[in-house]
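**Q**
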Amino acid sequence: MAFEREKKIMRILMGGCNQEISTFNPVPCEYDFFDFLRGEEIRDAAMGNNSSYAGAIAELETAFGDDLDLIFTYDAEGAAAGPLEHSAFLRIAEEFLEPLKDHVGKIDGVYFSMHGAMGTTKELDPEGYLLEEARKIIGEEVPIVISMDLHGILTAKMLDNINGLAAYHTYPHVDFEDTGRRAAKSLIRILNDGAKPVAARVRIPTLVRGNELITETGAFGAQMRYSKELEKHPEVMSAGMFICNPFTDVPELCCQPFVFTDNNQQLAEEAVLKQAADFWSNRHIMQGQFTSLEGSVKRGSAMTGPLAFYDAADAPSSGASGDSIEIAAAMVKANYPHTVLTSVVDPTAVSKAHELGVGETFTMGIGGALDPRFQPLKLDWTIKSIADHSNLKMETWKFRLNPGPTAVLVSGNLTVVAMTKSQMMVDRTIFFDNGCDPKDYHSTIIKTPHAEPAFFDDWVEAKFNVDAIGSTSANLPTLGHTICARPMYPMEQDAEFSPRTEVFRRS
Ligand SMILES: [Zn+2]
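Going by my numbering, 169 is the number at position 169 of the sequence shown; the sequence numbering is gapless.
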């Protein structure tokens with residue numbers, strides 16, 4: 001006589017908190033800079049997207065089918081910015097943690113989506129704080145897995161409080177969904193197979209930047225290919241490597257491989273040691289390549305164009321304030337003979353333009369309104385256009401941009417799109433929305449380290465990675481780190497590395 005087994009419903013709680021910051025941006029980020037999703041809004045937003053949530057949901061649905069109950073709590077998403085105002089973080093943390101209290105003793109597992117490069121004006125390990133507090137609420141027994149960006153800073157506090165982790169294997173990032181799936185797979189192995197995770201990592205005293213980190217073509221790709229091979233091993237639960245966000249100056253900032261195995265500490269330690277040794281030997285080539293500011297202006301002057309000047313040092317997408325006008329100022333100083341298009345964050349200049357109206361002229365220094373590194377550029381400006389559009393859909397991703405009121409200001413052969421709020425400039429969205437097509441200009445200054453080739457690189461005569469000042473400069477020794485462990489390459493060229501594994505096991 002057969003008895004039907006009582007069906008076990010798997011109750012999995014899902015939430016997240018994502019941001020990366022530049023410590024060197026002097027403008028703190030506020031609460032209203034974030035977008036928030038609550039409850040089923042998280043599932044709705046994930047549907048049909050290449051997102052880590054979508055991947056985790058799909059993997060859990062495949063594993064548990066009708067026996068799955070997903071509980072969505074709270075998700076906070078902030079674009080890159082300066083350090084988060086601590087009071088704003090405390091509010092977000094409370095909103096993140098509070099809903100967990102309703103599910104104590106009623107859930108089988110937890111998935112959190114995290115970036116890993118947050119920082120507040122006081123807390124140097126916000127994700128560690130969130131995970132530690134979450135652990136206190138839900139108890140020691142419920143497994144927590146997380147997904148992370150490979151630019152995250154994985155900390156001991158995070159590792160002490162999680163049972164599984166998956167991180168992107170691609171840069172530029174394309175494997176959001178896959179990463180969510182891999183995180184969920186770890187959770188499924190723990191719940192279904194009784195896997196006993198043990199993690200190892202090695203902290204490598206180096207920061208890196210530049211094209212060798214592009215996983216398809218650069219040296220760093222070897223680490224990702226090895227991670228993927230490791231994940232095929234039956235005892236490996238997940239593997240990856242963090243190259244960290246070098247602008248988030250926190251105590252555990254460094255590059256680090258990690259491996260989670262099912263109770264095989266030796267395998268985890270051997271794998272991270274191999275990754276670390278291979279990576280360390282390539283640290284010299286994984287650095288930014290630049291043209292000096294004066295050199296790029298001089299070379300550009302003599303070229304037919306069109307040209308792209310990349311200003312990675314003031315890239316809002318990396319957490320900078322976006323108010324540098326240094327490259328344009330150098331062009332003005334050098335009597336640059338061509339038309340130039342650039343952007344700048346300057347709320348005062350924008351409101352002045354809106355006050356005066358199109359066609360009027362005024363004299364003022366623009367730029368340098370936020371970051372004292374930057375000097376304003378004082379010229380006579382003619383107001384070509386003004387606008388106040390919101391929810392601009394990015395040319396590259398599906399995110400929305402909200403630059404606030406904007407104005408197009410012209411002085412001689414220089415055209416500046418001035419905006420009220422710092423926004424990502426990885427594509428041409430804000431230029432287009434203000435009636436400026438980069439193809440109509442000899443030279444365009446773009447505040448990002450990279451852009452999709454079709455936007456600029458495919459049609460320009462040359463591009464310059466300009467060694468300008470700024471809070472997200474790829475010239476890392478110029479930034480002034482004070483908190484991360486030292487010595488650290490490339491700040492200390494003679495930094496030495498004695499590989500040491502750290503092992504984490506929850507049980
Ligand atoms: Zn990233």
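We put the beta carbon where it would ideally sit given N, CA and C, even for glycine. Since the structure is predicted, the reported quantities are computational estimates derived from the model, not experimental observations.
Does the pairing of the segment 453-468 with the segment 225-240 give three or more beta-carbon distances under 8 Å?
**A** no
**Q** Residues in the same chain with beta-carbon distance under 7 Å from M1, minus the five sequence neighbours each way, listed in chain order, please.
**A** Confidence at M1 is low in this model, with a pLDDT of 45, below 50, so its placement is unreliable and no value can be given for it.
**Q** To the nearest angstrom, how far is the alpha carbon of I204 from that of G240?
**A** 14 Å
**Q** Please return the same chain residues whose Cβ sits closer than 6 Å to the Cβ of E502, not counting the five positions on each side in sequence.
**A** R201
**Q** May I ask you to report which of helix, strand or coil DSSP gives N50?
**A** coil
**Q** Just to check, is the beta-carbon of H389 closer than 6 Å to a non-hydrogen atom of ligand 1?
**A** No.
**Q** In whole angstroms, what separates the C-alpha of I21 from that of I153?
**A** 11 Å
**Q** Considering only the beta carbon of each residue, do G210 and G295 sit closer than 7 Å?
**A** Contact flag unset, no.
**Q** Nearest-angstrom Cα distance between T342 and M47?
**A** 36 Å
**Q** Just verifying my parser: in three-state terms, what is the DSSP assignment at N465?
**A** strand
**Q** What beta strand (DSSP E) runs, 3 residues minimum, are completely inside the segment 403-447?
**A** 406-411, 414-419, 443-446
**Q** Closer than 6 Å: is that where the CB of D314 sits relative to any heavy atom of ligand 1?
**A** Answer for D314: no, Cβ out of range of ligand 1.
**Q** Would you mind giving the Cβ-Cβ distance between H151 and A184, rounded to the nearest angstrom? I have them listed as a contact below 8 Å.
**A** With 8 Å as the limit, H151 and A184 do not qualify as a contact, their Cβ atoms being about 21 Å apart.
**Q** Can you give me the C-alpha to C-alpha distance between G180 and L90, rounded to a whole angstrom?
**A** 26 Å
**Q** Could you check what DSSP says for R373 in three-state terms: helix, strand or coil?
**A** coil
**Q** Look up P257 in the DSSP assignment and give the residues it is bridged to.
**A** P257 is bridged to M241.
**Q** Below 8 Å on the Cβ atoms is my guess for A312 versus T429; work out the distance and round it to an integer in Å.
**A** Contact flag wrong, Cβ pair sits at about 18 Å.
**Q** Could you check how far apart the C-beta atoms of E124 and P251 are, in whole angstroms? I think they sit under 8 Å.
**A** First, the amino acid is wrong: residue 124 is Leu here, not Glu. So it is a contact: roughly 6 Å between Cβ atoms.
**Q** With H, G and I counted as helix, E and B as strand and the rest as coil, what does DSSP make of W280?
**A** helix
**Q** Look at the alpha carbon of D160 and the alpha carbon of I146, and state the distance between them as a whole number of angstroms.
**A** For D160 and I146, the distance between alpha carbons rounds to 13 Å.
**Q** When you measure from the CB of D149 to every non-hydrogen atom of ligand 1, does any distance come out below 6 Å?
**A** yes
**Q** With 16 as the cutoff for other CB atoms within 10 Å, does N391 come out buried or exposed?
**A** exposed
**Q** Under the rule that 16 or more other beta-carbon atoms within 10 Å means buried, what is E177, buried or exposed?
**A** buried
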